[in-house]
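> Sharing a structure with you now.
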Amino acid sequence: PGFARKQKNRYSCHDNAHQLCEECKDLGPCDCGSTVGKNPNPVVHQMLKDMPIYCPHYKRDCREIFAQAQAEDLHYHEQGCVFRQVYCPHLGHECREKVIFKDVIDHLNQDHYNEKLRWNNVCNNKFTLKLPTNSLTNLSYWRARKPIKIKNGAIFFLVGMISNKFANFWIYSLLSPLETKNYAYTLSITGEKGAKFSYYNNVKPLDESADDIIAKQFAFVIGTQVIREIRNEDNKLPIEVTIHSLKEEAKDEDIESGVEDD
């Protein structure tokens, strides 16, 4: 049961009055073999209309309950529910299944690294990572080995994958999609001979798949041949990462301009 119209409807089979949901009624006869009525059961409809609703992630142990008047609250909660399933930030093909959001760090520790992750704790939201570039073949990837924790405690991952001779880099957040909108990032690469490449975009939530991000080119895209030419003598590619807290930066701009809050 849910707040949407279809979730409030149940249909009775003719022989045994079994109740089928909106989707199941279109799959054919009831499991008992009976045909199913075309109109919703008005009694069940009224019962479901007045019932409180569990979070859709109930089967994964969320126990939040919402009344009919809280439909907007449910929508907000569902996007940030820690029991929702998200994509693992480890981009290897051995991990294409979704994981429960609250278990992402444990999943990385147990299933990919067999040890505790090493953290990049940054005070000014800026740091440099030196990425290995020994393998630049198609579908090679850079692991989310060192999560980034900024001063307010928010966690981010720098990830990358090669597709058709182009490396794609972006920042994932360990936040809800709504919270992620408060952050952007800048990636900058300075080559050994002074060539500089820079990219700015919004941080991506783990709810978005790597395949979609790469297909839409919502990432820092740079050719693998360019990487070979600008990497250092140790075959490392230094990438400077800056995480922008948009709310804090907007607040700082208001203070500098003399704008006061109401």
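Add 16 to the 1-based position in the sequence shown for my numbering, that's all there is to it.
Positions of the beta carbon are idealized from the N, C-alpha and C atoms, including for glycine.
1. Please classify C139: is it buried, with 16 or more other beta-carbons within 10 angstroms of its beta-carbon, or exposed?
2. Just to confirm, are V257 and I164 a CB contact at a threshold of 8 Å?
3. Measure the beta-carbon distance from E195 to G96 and round it to whole angstroms, keeping in mind my assumption that it falls under 8 Å.
4. Using beta-carbon positions only, say whether I255 and I205 come within less than 8 Å of one another.
5. Can you grab the Cα-Cα spacing for the pair M112 / K209, in whole Å?
6. Note down, in chain order, each residue of its chain lying with its Cβ closer than 7 Å to the Cβ of K114, except the 5 sequence neighbours on either side.
7. Following the continuous alpha helix (DSSP H) through K232, name the residue where it begins and the one where it ends.
8. What number of angstroms, rounded off, separates the C-alpha of A83 from the C-alpha of L203?
9. Given V98, which residues of its chain have a CB within under 7 Å of its CB, disregarding the five upstream and five downstream residues?
10. First and last residue of the alpha helix (DSSP H) that includes Y92?
11. To which residues of the same chain is P56 closer than 7 Å at the C-beta, ignoring the five residues directly before and after it?
12. When burial is assigned at 16 or more other CB atoms within 10 Å of the CB, is C231 buried or exposed?
13. Where DSSP assigns a beta bridge to S28, which residues make up the other side?
14. Might you give, ordered along the chain, the residues of its own chain that have their beta carbon closer than 8 Å to the beta carbon of H34, omitting 5 neighbours on each side?
15. If you draw a straight line from the alpha carbon of I259 to that of N180, how long is it in whole angstroms?
16. Could you check how far apart the C-beta atoms of A183 and H106 are, in whole angstroms? I think they sit under 8 Å.
17. Identify the continuous alpha helix (DSSP H) that holds I166 and give its terminal residues.
18. With DSSP run on the structure shown, which of helix, strand or coil describes Y74?
Straight from the coordinates:
1. One-based indexing of the sequence shown puts residue 139 at position 123. Exposed, by the Cβ-count rule.
2. Looking up residue 257 in the sequence shown gives position 241. Looking up residue 164 in the sequence shown gives position 148. Yes, the Cβ-Cβ distance between V257 and I164 is below 8 Å.
3. Your numbering for residue 195 matches position 179 in the sequence shown. Your numbering for residue 96 matches position 80 in the sequence shown. Sure, about 7 Å apart at Cβ, within 8 Å.
4. Locating residue 255 in the sequence shown gives position 239, counting from the first residue. Locating residue 205 in the sequence shown gives position 189, counting from the first residue. Result yes, Cβ atoms of I255 and I205 sit closer than 8 Å.
5. What you label residue 112 is simply residue 96 of the sequence shown in a count that begins at 1. What you label residue 209 is simply residue 193 of the sequence shown in a count that begins at 1. It is worth fixing the name first, because residue 112 is Arg in this sequence and not Met. Rounded to the nearest angstrom, the two C-alpha atoms are 38 Å apart.
6. Within the sequence shown, numbered from 1, the residue matching residue 114 stands at position 98. If we look at K114 and ignore the five residues flanking it on each side, its Cβ neighbours are Q101, V102 and Y103.
7. Here residue 232 refers to the residue found at position 216 of the sequence shown. Segment A226 to K232, the alpha helix (DSSP H) holding K232.
8. Numbered from its first residue, the sequence shown carries residue 83 at position 67. Numbered from its first residue, the sequence shown carries residue 203 at position 187. For A83 and L203, the distance between alpha carbons rounds to 44 Å.
9. Your numbering for residue 98 matches position 82 in the sequence shown. If we look at V98 and ignore the five residues flanking it on each side, its Cβ neighbours are F117 and K118.
10. Residue mapping note: residue 92 aligns to position 76 of the sequence shown, counting from 1. Per DSSP, Y92 belongs to the alpha helix (DSSP H) from A87 to G96.
11. Here the question's residue 56 lines up with position 40 in the sequence shown. Once the five neighbours on either side are set aside, the close Cβ partners of P56 are N25, R26 and Y27.
12. Here residue 231 corresponds to residue number 215 of the sequence shown, with the count starting at 1. It is worth fixing the name first, because residue 231 is Ala in this sequence and not Cys. Counting Cβ neighbours within 10 Å, A231 comes out exposed, since fewer than 16 surround it.
13. In the sequence shown, counting from the first residue as 1, residue 28 sits at position 12. Q35.
14. Against the sequence shown, residue 34 aligns to sequence position 18. So the qualifying residues of the chain are S28, C46, D47, C48 and S50.
15. In the sequence shown, the residue the question calls residue 259 occupies position 243. In the sequence shown, the residue the question calls residue 180 occupies position 164. So the two alpha carbons sit approximately 28 Å from each other.
16. Within the sequence shown, residue 183 is the residue found at index 167, counting from 1. Within the sequence shown, residue 106 is the residue found at index 90, counting from 1. Wrong, their Cβ atoms sit about 17 Å apart, outside the cutoff.
17. Against the sequence shown, residue 166 aligns to sequence position 150. Note, I166: premise wrong, no alpha helix (DSSP H); not H, not E.
18. On the sequence shown, residue 74 is found 58 positions in, with the first residue counted as 1. Residue state, collapsed to three classes: helix.
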